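Numbered according to the UniProt record's numbering, the sequence shown spans residues 1 to 167.
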Amino acid sequence: MGKTQDNLMTAFAGESQANRKYLAFANTADKEGLPQVAKLFRAVAAAETIHAHAHLKNAGHIGDTVANLKAALEGESCEFTKMYPDMIKDAKAEGNDAVARYFDYVKKVEEVHATLYKKAIANPSGLAKTDYYVCKFCGYTHEGQCDSCPVCGAKAAAFFKVESCCK
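Here it is, written out as structure tokens:
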């Protein structure tokens, strides 16, 4: 892998992190009654997404849908089998039990994501038409409505429906 390829992936990571950070900042601005600042953060976050997608494409990391599903499955599987277990262990060793507990929630959710991707890989054009709902506390993703989160215990009101994009 050459320097340009490394730079594309570094830029992708930076732009991706900026996007998520700016969206979090926008939520804070909304809560503080500063809607125009929130709108600015969301506008720049959208621009960062454009940059991140272009970097990923230029690095050759966007394939057809099946290849993308396989790449997503690989990433989610690594997260729940290696990354989060190691992070849980480190947090516990440092006495950060709350962080360890949250990492455990995320680990469980990543395993659910892997299961959903496996299902999609098995029959990408035959997935049942269903809505997906996500827990706003831990990220648990469920096919159809959910009465309560099996990961963090949040009630149905904590779930939001993921809308399709019309692009």
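Beta carbons: idealized from backbone N, C-alpha and C, even for Gly. Note that the structure is a prediction, hence the values are computed from the model and not measured.
Close CB contacts of TYR105 within its chain, under the 7 Å cut and outside five residues either way in sequence, are with CYS138, VAL151, CYS152 (chain order).
Straight-line measurement puts the Cα of PHE25 at about 25 Å from the Cα of LEU8. In this structure, DSSP gives SER164 a state outside helix and strand, which the three-state scheme calls coil. In this structure TYR117 touches ALA72 by the C-beta definition: roughly 5 Å separates them, less than 8 Å.
C-alpha of CYS78 to C-alpha of ASP86: approximately 11 Å in a straight line. Three or more Cβ pairs closer than 8 Å define a contact, and the stretch 57–64 falls short of that threshold against the stretch 30–42. In the structure shown, CYS146 adopts coil according to DSSP, grouped into three states. Of all C-beta pairs linking the stretch 86–95 to the stretch 118–126, fewer than three are shorter than 8 Å, placing the two stretches out of contact. In the DSSP assignment, VAL134 forms a beta bridge with THR141, PHE160.
If you draw a straight line from the Cα of VAL134 to the Cα of ALA13, it is about 24 Å long. GLY75 is the residue among ALA18, GLY75, VAL162 whose C-alpha sits nearest the C-alpha of HIS113. For the set LEU69, ALA154, GLY144, the Cα lying nearest the Cα of VAL162 is the one of GLY144. DSSP places LYS129 outside any alpha helix (DSSP H), giving it a letter other than H or E. The straight-line gap separating the alpha-carbon atoms of THR130 and LYS70 is approximately 21 Å.
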